[in-house]
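Student:
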Amino acid sequence: MSQPLSSSSPRQTLQSPRGTHDILPDQIAEWRFVEETFRGVCARYNFGEMHTPLFEHTELFARTAGESSDVLVTKQMYSFVAPDEQSYTLRAEGTAPVVRAYLQHHLEQQGPVAKLFYIVPVFRYEAPQAGRYRQHHQCGIEVLGASGPEADAETLALASDFLRALGIEPALHLNSLGTPQSRSAYIRRLREHLEPQRETLSEDSQKRLDINPLRVFDSKDERDKAALRDAPHLLDHIREHDPESSEHFARLCSYLDALNIACEVDHNLVRGFDYYTRTAFEFVSDKLGAQGTVLGGGRYDGLVEELGGPPTPGIGFGSGIERLVLERQATGHEAPATPPLIAFLVTMGDEARAAGVPLLRQLREAGIRCDSDFVGRSVKAQMREANRQAARYTLLLGSDELAQGTIALKDMEASTQETLPRDAAVTRLQAAQHDNSPSR
RNA sequence: GAGGGUGUAGCUCAUCUGGUUAGAGCGCCAGGUUGUGGCCCUGGAGGUAGUGGGUUCGAUCCCCAUCACUCUCCCCA
Numbered sequence: 158m159s160q161p162l163s164s165s166s167p168r169q170t171l172q173s174p175r176g177t178h179d180i181l182p183d184q185i186a187e188w189r190f191v192e193e194t195f196r197g198v199c200a201r202y203n204f205g206e207m208h209t210p211l212f213e214h215t216e217l218f219a220r221t222a223g224e225s226s227d228v229l230v231t232k233q234m235y236s237f238v239a240p241d242e243q244s245y246t247l248r249a250e251g252t253a254p255v256v257r258a259y260l261q262h263h264l265e266q267q268g269p270v271a272k273l274f275y276i277v278p279v280f281r282y283e284a285p286q287a288g289r290y291r292q293h294h295q296c297g298i299e300v301l302g303a304s305g306p307e308a309d310a311e312t313l314a315l316a317s318d319f320l321r322a323l324g325i326e327p328a329l330h331l332n333s334l335g336t337p338q339s340r341s342a343y344i345r346r347l348r349e350h351l352e353p354q355r356e357t358l359s360e361d362s363q364k365r366l367d368i369n370p371l372r373v374f375d376s377k378d379e380r381d382k383a384a385l386r387d388a389p390h391l392l393d394h395i396r397e398h399d400p401e402s403s404e405h406f407a408r409l410c411s412y413l414d415a416l417n418i419a420c421e422v423d424h425n426l427v428r429g430f431d432y433y434t435r436t437a438f439e440f441v442s443d444k445l446g447a448q449g450t451v452l453g454g455g456r457y458d459g460l461v462e463e464l465g466g467p468p469t470p471g472i473g474f475g476s477g478i479e480r481l482v483l484e485r486q487a488t489g490h491e492a493p494a495t496p497p498l499i500a501f502l503v504t505m506g507d508e509a510r511a512a513g514v515p516l517l518r519q520l521r522e523a524g525i526r527c528d529s530d531f532v533g534r535s536v537k538a539q540m541r542e543a544n545r546q547a548a549r550y551t552l553l554l555g556s557d558e559l560a561q562g563t564i565a566l567k568d569m570e571a572s573t574q575e576t577l578p579r580d581a582a583v584t585r586l587q588a589a590q591h592d593n594s595p596s597r
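Residue numbering for the first sequence follows the working numbering, starting at 158 and increasing by one per position.
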């Protein structure tokens with residue numbers, strides 16, 4: 158296809174940047190459906206929608222990504238220096254900006270718990286792949302101020318309802334990460350277990366062993382899996398040494414049971430950063446290849462402090478809209494049809510064409526969804542267009558009708574046509590529009 | 001960042017081991033009706049074969065590079 162120009166040929170067309178995508182009119186219904194479904198579920202759970210800026214001070218994401226992490230900070234962020242010589246970064250994840258706003262606007266003063274949701278684009282410089290893009294869109298929620306497992310249950314109930322409303326049922330994977338204290342004790346144990354087998358690990362995992370041994374669990378390499386086969390499980394360690402987290406997990410499980418939400422404990426489900434605590438979960442599809450996580454989240458009781466706020470527990474999730482759409486397509490779902498075009502105006506001759514301009518406006522003012530030809534095509538072509546647009550009715554305006562102050566109204570399905578006064582036609586179309594409007 | 005696959009009209013694809021003006025279906029436009037759609041018929045527009053090099057008498061077809069897409073590792077949504 159056409160190529161991005163390399164400076165000299167101004168006539169070549171540009172493409173959207175790698176890993177970004179346009180969403181065209183024929184796909185927008187599906188997107189809207191996902192977004193509106195999410196808004197609807199959030200409304201029922203009494204979450205408040207919010208927007209945050211597309212870019213933030215780089216420091217915000219640098220802090221949540223952790224100084225030690227080579228993941229986000231080094232290469233994966235879209236950072237730029239503005240004319241004020243400060244470094245800014247395009248939203249690299251959903252949670253940090255919300256927490257920043259929570260602190261900045263003192264939402265904690267409005268009550269003990271803040272329940273927030275958002276639908277936003279997220280930018281990361283990654284190698285594009287199926288279900289992984291450089292700009293993707295996330296819908297997510299954050300519950301700030303509640304530490305008990307009820308908040309975890311609320312979060313998972315909302316997530317589950319959302320996915321169910323979309324008609325998809327990915328598997329819920331659940332784990333507990335304990336607290337930074339119990340986790341670091343566990344990491345020591347894990348390191349002791351893996352260190353002797355160092356040579357048998359994959360190259361990646363040998364590095365992980367030094368930086369964050371927990372991450373070895375992420376690996377799909379058979380050698381790593383073998384090394385982990387009889388490694389101690391984080392959850393077992395927590396059960397033995399972290400009674401509070403253990404209790405939290407047990408109660409959450411019983412809530413999920415009461416909510417009829419099936420889940421499987423996944424000992425390989427881990428997170429890299431210190432501010433993650435206890436509950437971690439992912440809804441994973443088996444139809445999406447390597448990027449199967451359709452919704453992921455967990456508890457982050459240490460994050461608000463990390464961002465300079467008072468100790469505040471938090472839990473939330475993010476869900477990739479692109480992946481939700483892929484999953485729905487993979488399971489044969491289609492967005493509800495958009496409301497039909499009620500009327501298409503066909504004009505004959507210059508005079509009628511001119512008269513059509515105000516007539517169209519009158520129809521729109523009457524609430525009628527209608528359209529017309531804009532390139533002066535033949536009547537036949539205009540009729541074809543009306544048919545292509547699946548218009549319920551065609552309005553025909555020519556010199557005869559013009560002279561009589563009437564208009565011809567053709568029912569495209571029944572193929573019947575009658576000539577009637579303009580106002581009568583408008584009234585008729587209004588009724589048709591009403592019948593075809595989605596009942597609310 | 002590493003590795004594999006792909007790249008021909010708007011879309012989906014042909015073009016048989018490199019050989020004259022690169023084809024089809026769908027879509028689009030127009031005609032078949034002085035003012036009328038869906039079906040049908042006819043005609044038309046639209047491609048320097050992603051791009052740039054190379055090999056060759058000759059390349060859509062072979063080689064190299066580059067770009068894009070795609071899949072996997074990695075990571076996450």
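Glycine included, each C-beta is placed from N, C-alpha and C at the ideal position.
None of these values were measured; they are calculated from a predicted model.
Rounded to a whole number of angstroms, what is the C-alpha to C-alpha distance between residue 454 and residue 526?
Tutor: The alpha-carbon atoms of residue 454 and residue 526 are separated by roughly 42 Å.
Student: Roughly how far, in whole angstroms, is the beta-carbon of residue 327 from the beta-carbon of residue 427, given that I think they are within contact range, below 8 Å?
Tutor: At roughly 19 Å, the Cβ-Cβ gap does not stay under 8 Å, so residue 327 and residue 427 are not in contact.
Student: State the Cα-Cα distance for the pair residue 557 and residue 501, rounded to the nearest angstrom.
Tutor: Approximately 19 Å, taken between the alpha carbons.
Student: Cα separation between residue 460 and residue 277?
Tutor: Their Cα atoms are separated by approximately 20 Å.
Student: On the DSSP bridge assignment, give the partners of residue 568 in chain order.
Tutor: The partner list for residue 568 (beta bridge, DSSP) reads 550 and 573.
Student: Can you list the alpha helix (DSSP H) stretches of 4 or more residues lying completely in the segment 474 to 554, in chain order?
Tutor: Listed in chain order, they are 478 to 487, 507 to 522 and 536 to 545.
Student: Please report the straight-line C-alpha distance between residue 293 and residue 184, rounded to a whole angstrom.
Tutor: Each residue's alpha carbon lies about 15 Å from the other.
Student: Which of helix, strand or coil does DSSP assign to residue 449?
Tutor: Coil.
Student: Are residue 373 and residue 358 closer than 9 Å when you measure CB to CB?
Tutor: In contact: residue 373 and residue 358 (Cβ atoms closer than 9 Å).
Student: Less than 7 Å between C-beta atoms, sequence neighbours within five positions excluded: which residues of the same chain meet that for residue 300?
Tutor: 270, 272, 308, 311, 312, 471, 472 and 473.
Student: Kindly give me the distance between the Cβ atoms of residue 206 and residue 275, rounded to whole angstroms, as I take these residues to be in contact under 8 Å.
Tutor: Going by Cβ atoms, the distance from residue 206 to residue 275 rounds to 7 Å, so yes, they are a contact pair.
Student: Who does residue 422 pair with in a DSSP beta bridge?
Tutor: DSSP lists 331 as partners of residue 422.
Student: Alpha carbons only, please: which of 552, 547 and 493 is nearest the one belonging to residue 520?
Tutor: Ranking 552, 547 and 493 by Cα distance to residue 520 puts 552 first.
Student: Less than 9 Å between the beta carbons of residue 564 and residue 516, yes or no?
Tutor: It is a contact, given that the beta carbons lie within the stated cut-off.
Student: Going by DSSP, what residues sit across from residue 437 in a beta bridge?
Tutor: Answer is 332 and 455.
Student: What is the DSSP secondary structure of residue 561, reduced to helix, strand or coil?
Tutor: It is helical.
Student: Check whether the segment 332 to 341 and the segment 508 to 515 are in contact - that is, three or more C-beta pairs closer than 8 Å.
Tutor: No contact exists between the segment 332 to 341 and the segment 508 to 515.
Student: Along the chain, where does the beta strand (DSSP E) containing residue 272 start, and where does it finish?
Tutor: 271 to 280 is the extent of the beta strand (DSSP E) around residue 272.
Student: Residue 197 lies in the alpha helix (DSSP H); which residues open and close that run?
Tutor: First-last of the alpha helix (DSSP H) with residue 197: 182 to 201.
Student: Using 10 angstroms around the beta-carbon of residue 531, count the other beta-carbons present and answer buried if the total reaches 16, otherwise exposed.
Tutor: Its Cβ having fewer than 16 others within 10 Å, residue 531 is exposed.
Student: Could you please give me the residues that DSSP links to residue 211 through a beta bridge?
Tutor: Beta-bridge pairing links residue 211 to no other residue.
Student: Quick one: residues in its chain with C-beta nearer than 8 Å to the C-beta of residue 258, no 5 flanking neighbours on either side, listed in chain order?
Tutor: Only 207, 209 and 264 meet the Cβ criterion.
Student: Relative to the C-alpha of residue 268, which candidate in 484, 397 and 302 has its C-alpha closest?
Tutor: When each option's Cα is compared against that of residue 268, the closest is 302.
Student: According to DSSP, is residue 462 helix, strand or coil?
Tutor: Residue 462 falls in the helix class under three-state DSSP.
Student: Would you call the segment 391 to 406 and the segment 432 to 439 touching, i.e. three or more CB-CB distances under 8 Å?
Tutor: Contact between the segment 391 to 406 and the segment 432 to 439 is present, because at least three Cβ pairs lie under 8 Å.
Student: If I measure Cβ to Cβ from residue 466 and keep anything under 7 Å in the same chain, skipping five residues before and after, which residues do I get?
Tutor: Excluding residues within five positions, the ones whose Cβ falls inside 7 Å are 260.
Student: In the structure shown, what three-state DSSP assignment does residue 427 receive?
Tutor: Here residue 427 sits in coil by DSSP.
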